[in-house]
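Input: a single structure, listed below in structure tokens.
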Amino acid sequence: MAFGAPGRNSPIYIATMGNKYGNPKGDLIRIDKRTMYLMDRKIDEEKGAANMGGYLAAQPKQNIMITTELGDPNWLFAPLMHGQGQINGHVDDDVTDVDVTDADAIDVDVTDVNDTDVDVKDDYISNDTLLSGNYHADKVAQFSTAHVEGWIKDEMPAMPVDMVISMDDRFLYVTCWMHGFIAQFNISDPFRPSLCSKLFLGGAIHKCYGVRLQRIASTNFLPERPLVRNTIFEGGPSKMQLSLDGRRLYVTNSLNRQLDEKFFPNLTKNGSIIALIHVNTNLSGGMELDENFVIRMADMNDGPYLAREMRFLNGDSTCDAFLENTANNSF
1307 MAFGAPGRNS PIYIATMGNK YGNPKGDLIR IDKRTMYLMD RKIDEEKGAA
1357 NMGGYLAAQP KQNIMITTEL GDPNWLFAPL MHGQGQINGH VDDDVTDVDV
1407 TDADAIDVDV TDVNDTDVDV KDDYISNDTL LSGNYHADKV AQFSTAHVEG
1457 WIKDEMPAMP VDMVISMDDR FLYVTCWMHG FIAQFNISDP FRPSLCSKLF
1507 LGGAIHKCYG VRLQRIASTN FLPERPLVRN TIFEGGPSKM QLSLDGRRLY
1557 VTNSLNRQLD EKFFPNLTKN GSIIALIHVN TNLSGGMELD ENFVIRMADM
1607 NDGPYLAREM RFLNGDSTCD AFLENTANNS F
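1307 is the number of the first residue of the sequence shown in my numbering; add one for each residue after it.
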């Protein structure tokens, strides 16, 4: 299972990556949250299951579910995986495919705006190259590749691994695990996002790993490994969670045990942490690390652990609260 998107009173929606034999299979299933029994599953009658599965984002009010093909589980976590990605969209009970044809493109994450009254097909999808009448992918931002010495390759990708959108749909936050920074974008115009700020937290470009930056087509690129309450931020920023008011951004530093061990061995030895970032929600944006806040997974019983996902008990910016009244909806 790659990802589940539960609503407060709705079923649990899960996108799978493979079958019991470890082969890729992109299936969508729905589970009753109270009984944990399988309610139904969605497989296109003509196409069958998608070749691969991954993450999902659902807007039942628009009758839309978008899923990604993250990769073959047999090689997904091999270092520096390469290949073409694909976004599968479950739209109005029909399945359409949107190709992401950039070299080395992988669909790591997908997310929706929070305003469920927005007609995604009319307002957020451009019409330059229509696919199946409605959907195609536009590249609106790109992170530069770093040219380095002392790493496993001469070029190091930024490796964006998570996205969070503020509840007012004004700001997008992206974590770049390998380069070690969080980017804040103003997305008031989703097709022309503007970079507001970057906050550097760890990453693989550091003398402690023997990696030196040679050049990068980016300004103000200043990697650092800050201390939070005398604890080094190992690894890079991974999964995020944003408060409902958009002012507190929490971030973990573990992505996957295999990748953690490969690139940041001290992370698996010492356990991961959760850090807090204070966000400026004014038009200009801005982020500031709280150096006095940290949750250490090494301090927990039987630790150290590698924390990845986070949820708030009373709701957060990724809890899909709009699913609250859709408990009886089918795929």
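Where a beta carbon is used, it is the ideal one built from N, C-alpha and C, also for glycine. Everything numeric in this text was worked out from a predicted model, so none of it was measured.
Contact under 8 Å by Cβ, residue i with residue j
{"i": "M1462", "j": "A1523", "result": "no"}
{"i": "S1505", "j": "F1487", "result": "According to the sequence as given, residue 1505 is Leu; it is not Ser. Taking 8 Å as the Cβ cut-off, L1505 and F1487 qualify as a contacting pair."}
{"i": "V1454", "j": "R1518", "result": "yes"}
{"i": "T1373", "j": "L1334", "result": "yes"}
{"i": "L1507", "j": "R1563", "result": "no"}
{"i": "S1560", "j": "L1573", "result": "yes"}
{"i": "V1585", "j": "R1554", "result": "yes"}
{"i": "V1446", "j": "F1497", "result": "yes"}
{"i": "Q1490", "j": "G1591", "result": "yes"}
{"i": "G1552", "j": "F1477", "result": "yes"}
{"i": "F1570", "j": "E1615", "result": "no"}
{"i": "H1485", "j": "A1443", "result": "no"}
Opening and closing residue of the beta strand (DSSP E) in which residue i lies
{"i": "F1477", "result": "1477-1482"}
{"i": "R1336", "result": "1334-1337"}
{"i": "Y1319", "result": "1318-1321"}
{"i": "R1518", "result": "1518-1522"}
Inter-residue Cα distance where the pair is residue i and residue j
{"i": "I1601", "j": "Y1319", "result": "29 Å"}
{"i": "G1395", "j": "G1542", "result": "Because G1395 sits at a pLDDT of 44, beneath the cut-off of 50, its placement in the model cannot be relied upon, and the following sentence gives the value as read from the coordinates. In a straight line, the C-alpha of G1395 is about 30 Å away from that of G1542."}
{"i": "T1587", "j": "S1503", "result": "12 Å"}
{"i": "L1629", "j": "D1622", "result": "Here L1629 scores only 46 on pLDDT, less than 50, and its place in the model should not be relied on; the value that follows carries that caveat. When rounded, the distance between both Cα atoms is 13 Å."}
{"i": "R1535", "j": "R1347", "result": "46 Å"}
{"i": "L1362", "j": "M1546", "result": "16 Å"}
{"i": "Y1479", "j": "M1593", "result": "10 Å"}
{"i": "C1482", "j": "P1466", "result": "4 Å"}
{"i": "I1583", "j": "M1606", "result": "22 Å"}
{"i": "M1342", "j": "M1469", "result": "28 Å"}
{"i": "P1610", "j": "I1579", "result": "10 Å"}
{"i": "L1344", "j": "E1597", "result": "44 Å"}
{"i": "S1472", "j": "S1450", "result": "25 Å"}
{"i": "M1323", "j": "N1329", "result": "8 Å"}
{"i": "I1458", "j": "K1575", "result": "21 Å"}
{"i": "R1521", "j": "P1317", "result": "48 Å"}
{"i": "A1581", "j": "S1544", "result": "11 Å"}
{"i": "F1599", "j": "L1548", "result": "16 Å"}
{"i": "G1516", "j": "K1339", "result": "48 Å"}
{"i": "D1474", "j": "L1619", "result": "20 Å"}
{"i": "N1325", "j": "G1332", "result": "9 Å"}
{"i": "K1513", "j": "I1337", "result": "47 Å"}
{"i": "S1494", "j": "T1624", "result": "19 Å"}
{"i": "G1456", "j": "M1371", "result": "42 Å"}
{"i": "S1432", "j": "P1499", "result": "A caution first: S1432 carries a pLDDT of 39, below 50, which makes its placement in the model unreliable, though a value can still be read off. Near 14 Å, if we compare the C-alpha coordinates of P1499 and S1432."}
{"i": "L1528", "j": "L1595", "result": "15 Å"}
{"i": "M1603", "j": "A1321", "result": "28 Å"}
{"i": "D1289", "j": "N1492", "result": "This structure does not reach residue 1289, given that the chain is present from 1307 up to 1637, and the question cannot be answered."}
{"i": "D1460", "j": "Y1327", "result": "36 Å"}
{"i": "N1526", "j": "L1589", "result": "20 Å"}
{"i": "Y1568", "j": "A1464", "result": "Reading off the sequence shown, one finds Lys at residue 1568, where the question assumed Tyr. K1568 and A1464: Cα-Cα distance of roughly 16 Å."}
{"i": "D1608", "j": "L1533", "result": "24 Å"}
Element boundaries [alpha helix (DSSP H), containing residue i]
{"i": "L1565", "result": "1563-1569"}
Those residues which DSSP pairs with residue i across a bridge
{"i": "L1550", "result": "Answer is none; L1550 lacks a bridge partner."}
{"i": "L1589", "result": "According to DSSP, L1589 bridges with nothing at all."}
{"i": "D1596", "result": "Its beta-bridge partners do not exist; DSSP assigns none."}
{"i": "R1602", "result": "I1579"}
{"i": "D1346", "result": "R1336"}
{"i": "G1324", "result": "P1330"}
{"i": "L1555", "result": "L1548, I1583"}
{"i": "T1537", "result": "V1534"}
| message | My parser needs the beta strand (DSSP E) runs of 3 or more residues fully inside the stretch 1448-1514; what are they? | response | 1452-1455, 1466-1471, 1477-1482, 1487-1492, 1500-1506
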